[in-house]
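To start, the structure itself, in C-alpha cells.
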Amino acid sequence: MKTLSAMLLGLSIISFTYANTQVAVLQVAFLFNFARFVEWPDHKLDSNAPITLCFIGEISFTQALDNIRHKKALGHPLNIQLNISLAESKQCHILFIASSKTSELHQILDHLQQGPVLTVSNIKNFARHGGHIGFYQKPDQTLGLEINLKAIRHAQLNISSRILAFSKIIR
Amino acid sequence: MSKLSQYFYHLPIHRKLLILPLVTTGFILITVISIFTLYQAWHVRHNMITQVNTLTEVIAKNSAASLLFQDKNAAQENLYALEAAPDILLACLYTQEKQLFRFYAISDTHQCPLDNIRQHADYTVQQQQLHIHQPIYFDQELVGYLYLQADLSQWQQQLWFYLKMGTIILFSSVLLLYVLTFKIQGFITNPIYHLLQIMQQVSQQQDYHSRAKIYGADELGQLTQGFNQMLDTIQRYQDHLEELVNQRTLELSEAKDQALQANQAKSVFLANMSHEIRTPLNAVLGYAQILLRDQSLSTKQQQAIETIAHSGHHLLSLINDILDISKIEAGAIQLNHQGFDLYPFIQSLSAMFHIRCEQKKLLWEISHNISPKTLVKGDQGKLRQILINLLGNAVKFTDKGGIVLKVIQIKTDYYQFEVIDTGPGIDQQGQNKIFSPFYQDSEGLKKGGTGLGLAISKSQIELMGGRLQLETSEQGTRFYFQLPLISTDKADIEFDSNNQPSQKIIGIKGKAPTILIADDVKENRDILADMLTEIGINIIEAENGQQALQQIEAHCPNMIFMDIKMPIMDGNEAICRLREHKQHHNIQCVAISASSLEHQKEHYLSNGFNDFISKPFRFDTIYHCLKHHLSIEFEYDNSAKPIPETNAEVITELTYPTERICQIIYQAAQSGAATDIEKTLKQCQRKHPELVKQIKQKLEDFDFDGILALLDGRRKENKQ
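For the record, the sequence lines run as chains A and B.
Numbers 183 to 353, taken from this note's numbering, label the letters of the first sequence in order.
Numbers 294 to 1013, taken from this note's numbering, label the letters of the second sequence in order.
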C-alpha cells in the first residue's frame, strides 16, 4: 500500500513537474512570439538591433530559455537579461515580471512611465493592474492571454491584431 | 477523296454555293470554338487551382499565429472561413510536430490523413480532386502544416457548359448562314439558271429567237451577253443558210435534171445507135448467110461472102463490146441470176473450144472436179461470156502448144476458173495496162480485136464478187479468178451439151407450119422468109402490127416473128391486142429487135411474147427457136461437109429441094405455068443453083417435059 501510494505520489510529482515544464516552455515560446507580433517605435528599436528580453524577479524556466536564445525575431537577435534591476528596466524591450515581484508591481510599472517597454507577467490580473500582457490558465489547461490594449497604446507599442484574435482584451 | 470531289462536281451550283460557305465557316467555327473551349476549360482549371492555392496560402498565414500561440479556437475559426468556398472538401492543420491540430471537413466522409504530410508545398490532382500540401512558415520558421483537398468537378461542369454553348453557337451560326446564303445565292444562281433554261430551250426547240435576260454587269452578265451575241450570229447564219440551202437545192435539182436528161439522152443515143447499126447489119449478115447456103456460087464468091459474114459478125461483136463497156461505165450492168448446171455448162464450152483448137492445131484440155448435176445460182450468161472471152484470147494468141480450162471447186459454193495457154506471154508493161479498156499490146494489135474483152471480163468478174488475176511468163499465160456460186436445187437453164456445130438443115419432118413475119423493113422480111421457105415453111408477111393482126385473123399462123419497132402499130401493141383474143393464145410469138439491151427481154416476155431474138440473128438461133417452140424435127443434110477451107474448086452437083417444092414445080410444069415455076425457083435459087440453072434454061425454051424429066431424076437419086 505504501509503495502504491508512493508510486502515485511519485507519478503525480512527475506529472506536476511535467506540467510545470510544459507551461514554462510555452511561456518562453510566447515571450519570443511577442517579439514577432509587437512593433516598437523606431527610436526604441533600430533595424537589426537586438531585442532585449529582460526578466525581473525569480523565474522557474531559466532552462527553457535555451530554446529561444539563438533565435531571431523578424531579423532581430535576442538579448536575454535575467534578474535585472529596476533601474535597468527602461532599456528592455520586453520585460517579464515574475510573480515574486507582485508586491513591487506598481513600483515597476510606474518606473517605466508608460515607456515603450512591453510588460508581460504571469501575475494574476496583471493586465487589469496596468500591465500589458498577462498569462492565465484557461479551463482546458492551456495558456491564455489577457491584453490591456489601452496600456499598450499608451506605451507607443503596436500589437498585431492576430494576437488580439485569440486574446482576452482588458479595458 | 476523288469520289467526294466527283460528287461535288456533279452537285447543282446552288448546292455548291450553299455547301462552300457552310463547310468553310463550319470548319472555322469548329476550330475557334474548340480552341476557345479548351482554353476556357484550361483557364477555369488553372484559376481554380490558383484560387485554392491562394486560399491555402491565406489560411496558412492566418493559421500561423494560432499555431504559434497554440490557440485551437482561433485555428478552428480560421478554418471555418472555408465554408464560404464549397469546392474545398477538407482542410487539415498540423502542428510543427505533424500532429493534427485542427481540421475542417465539408462532410464526415472526409478525413484528414495522419501521415504523408509533405515537407514542401505542392499540389496533385487525382480523380478530379486537388490535393494541396502547404507547410506553414512564420518569420522563416516552420510552425505547422496545412493540407487542403478541393473538388475540381466544377471545372468539368464548366467544360461541359462551354461545349454546349459552343455547339449551340455552331449550329445556330450554320443555320443562320444557311438561311442567309439561301437568300443571297439567288444573285449568282438566278442568272445561271435562267441562262441554262434559255440554252436548253434553244438547243431543244432549235429556236434561235429567244434571248437570255441580263441581270447585271458582272461576269455572268458578260457571259449572257456573249451567249446572246452567239445566238444573234447563229440566227443570222441560219437565215442565211436557209437561203443558201434553198438556192443550192434549186441549183442541184437543176443540175440533176440536166444530168438525168443527159444520161437519158445518152441511153437513148446508145439504144438508137445500137438499133440503127444492127438493122442494116442484120440485112448484111442475113444475106451473107443465105448466100453461103447457095451451092451454085463459085468458090471465090463463097470466100468473099464468107469474109462479109465473118466481118459482119466481128462488127457485131465490136458493137456488143462497146455497148457492154458503156453499160459498165454507166453502172447500168445488172446480174441476171439463174439456176444452172455447171457440168453441162463446162461441157458445152469444151465442145466449142475443142473444135476451135483443132482448127488451129492446138491441144485442148479440160480439167475439173465438178460432178454432174452441180446446180448453182449465178449469171451464166456473163460467166459464159467471160470464159469465151478468155478462152478466145487464149486461142487467138497461142500458135503452138495447147489451151487448158480448169474449173475447181475450192470449197462449198466457191469455184476457181483458170484459163491456161502456152502463148508468148505478156510483158511487164502490158500486164499493167492489159485490163484497161481499148488497150492492146503489140501482139494484140497484130491479131486484131477491140481491146475491150479483158476490161469487160474484169468488170463482170468484180461485179460477181471475184477478181481476175494474171500470171504470165514466156512459156504462157494463166488467167484465173474465183467466184462464189451458191448451190441451188432448181435449174432455170438447160444446156444441150451435144450441141454440134450446125449441120445443114434441108427441110422439116411432118406437116409444114405457117409462120407470120411482121417487119416494116422489107430486107429483113425477105431474109427470114427466104430462110424459112427454103426448109418448106409457109410464110405470110405483114408490114406493121395492124397488118399482122389482119393476117392472123385470115391465116391463123402457128408462129409469129414480130419486129418491135414498126410504124402504125408497133410489136408491143400488136401482141397486147393479139393476147386479148383467146383463140390466139397458143400462137407462139417471138420478138425480134435490133435493140439488144438485155433487160428488155424480160419486158417482152412479160408483154406476152414467148421468146426474144436480137437482130442481127444467126440462122441457128432461128432454127433452134422453131425447134423449141413448135417442136419441129428437122431433116439434116448428112452428106454436107463443113465449109471447105481449102481453095480447091467445088464441083457443082445437081441437088434437089424438098419434096414439097419439087411437087409444086412438077405440077406447075405439068400445067405449063411458067411464072409459078419461076416464083418457086426463087426459093431454091441459093441451095440448089445447078437445078435452078438447068430448069431456067429449059424454061427459056418452054421445055416443060424436060423439066419434068429433070425432076424425075430426083426420084432415081432418092432410090439410089
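Yeah, the Cβ is synthetic: ideal placement off N, Cα and C, and Gly gets one too.
Here the structure is a predicted model, which is why all the values come from computation and not from measurement.
Item: Candidates Ser750(B), Lys693(B), Pro665(B): closest to lysine 620(B) by CA position; Value: Ser750(B)
Item: Within chain B, partners of arginine 344(A) - CB distance below 7 Å; Value: Ala358
Item: Interface residues of the region 208 to 230 of chain A facing chain B [CB-CB below 8 Å]; Value: Leu208, Ala211, Phe212, Asn215, Arg218, Phe219
Item: Counted within 10 angstroms of its Cβ, other Cβ atoms place phenylalanine 690(B) as buried (16 or more) or exposed; Value: buried
Item: Meets three-Cβ-pair contact criterion under 8 Å: the region 907 to 925 of chain B and the region 576 to 594 of chain B; Value: yes
Item: Amino acids of chain A, ordered along the chain, whose beta-carbon sits closer than 8 Å to that of glutamine 363(B); Value: Leu208, Thr324, Leu325
Item: Cβ separation of alanine 443(B) and leucine 473(B), assumed to be a contact under 8 Å, to the nearest whole Å; Value: Their Cβ separation, rounded to whole angstroms, is 46 Å, which puts alanine 443(B) and leucine 473(B) out of contact at 8 Å.
Item: Cβ-based burial, asparagine 725(B) [other Cβ within 10 Å; buried from 16]; Value: exposed
Item: Between the CA atoms of methionine 566(B) and phenylalanine 638(B) - distance to the nearest angstrom; Value: 33 Å
Item: Proximal chain B residues relative to leucine 256(A), where beta-carbon distance stays under 8 Å; Value: Asp432
Item: Buried versus exposed, by CB contacts within 10 Å (16 or more), methionine 523(B); Value: exposed
Item: Cβ-Cβ separation, leucine 294(A) to serine 271(A) (assumed contact under 8 Å), whole Å; Value: 6 Å
Item: Proline 637(B) in three-state terms, based on DSSP; Value: helix
Item: Any chain A beta carbon closer than 9 Å to alanine 374(B); Value: no
Item: Own chain, CB closer than 7 Å to histidine 339(B), minus 5 neighbours either side, in chain order; Value: none
Item: Burial state of alanine 558(B) (16 or more Cβ within 10 Å); Value: exposed
Item: Aspartate 1052(B) - containing alpha helix (DSSP H), residue span; Value: Since the first residue shown for chain B is 294 and the last is 1013, residue 1052(B) is missing from the structure and cannot be characterised.
Item: Cross-chain neighbours of alanine 367(B) in chain A, by beta carbon under 8 Å; Value: Ala347, Phe348
Item: Environment of phenylalanine 308(A) [buried if 16+ CB atoms lie within 10 Å]; Value: buried
Item: Beta-carbon separation (whole angstroms), glycine 901(B) vs cysteine 882(B), contact threshold 8 Å; Value: 7 Å
Item: Supposed contact pair isoleucine 425(B) and tyrosine 416(B) - C-beta distance, whole angstroms, cut 8 Å; Value: 4 Å
Item: Cβ pair isoleucine 238(A), isoleucine 305(A) closer than 9 Å; Value: no
Item: Whether arginine 353(A) touches leucine 331(A) by CB criterion (9 Å); Value: yes
Item: Residues near isoleucine 195(A) in its chain [Cβ-Cβ closer than 8 Å; skip 5 each side]; Value: Residue placement at isoleucine 195(A) is flagged as unreliable, the pLDDT there being 47, under the threshold of 50; a coordinate-derived value is accordingly withheld.
Item: Three-way DSSP call (helix, strand, coil) for valine 712(B) in this model; Value: strand
Item: Cβ contact check for the region 966 to 983 of chain B and the region 583 to 602 of chain B: 3 or more pairs under 8 Å; Value: yes
Item: Glutamate 390(B) at chain A interface by Cβ criterion, 9 Å; Value: no
Item: As assigned by DSSP and simplified to three states, the class of lysine 666(B); Value: coil
Item: Glutamate 350(B) versus aspartate 432(B) - alpha carbon distance; Value: 15 Å
Item: Nonlocal neighbours in the same chain, by C-beta distance under 8 Å from isoleucine 410(B), ignoring five residues either side; Value: Tyr387, Lys391, His426, Tyr438, Tyr440
Item: Closer than 9 Å to chain A by CB, asparagine 355(B); Value: yes
Item: Residue range of the unbroken alpha helix (DSSP H) whose run includes alanine 334(B); Value: 306 to 361
Item: Euclidean distance between Cα positions of isoleucine 345(A) and leucine 435(B); Value: 18 Å
Item: Rounded straight-line distance, which links the Cα of aspartate 1005(B) to that of glycine 999(B); Value: 10 Å
Item: Same chain only: Cβ atoms within 7 Å of glycine 297(A), ignoring 5 sequence neighbours per side; Value: Lys272, Ala337
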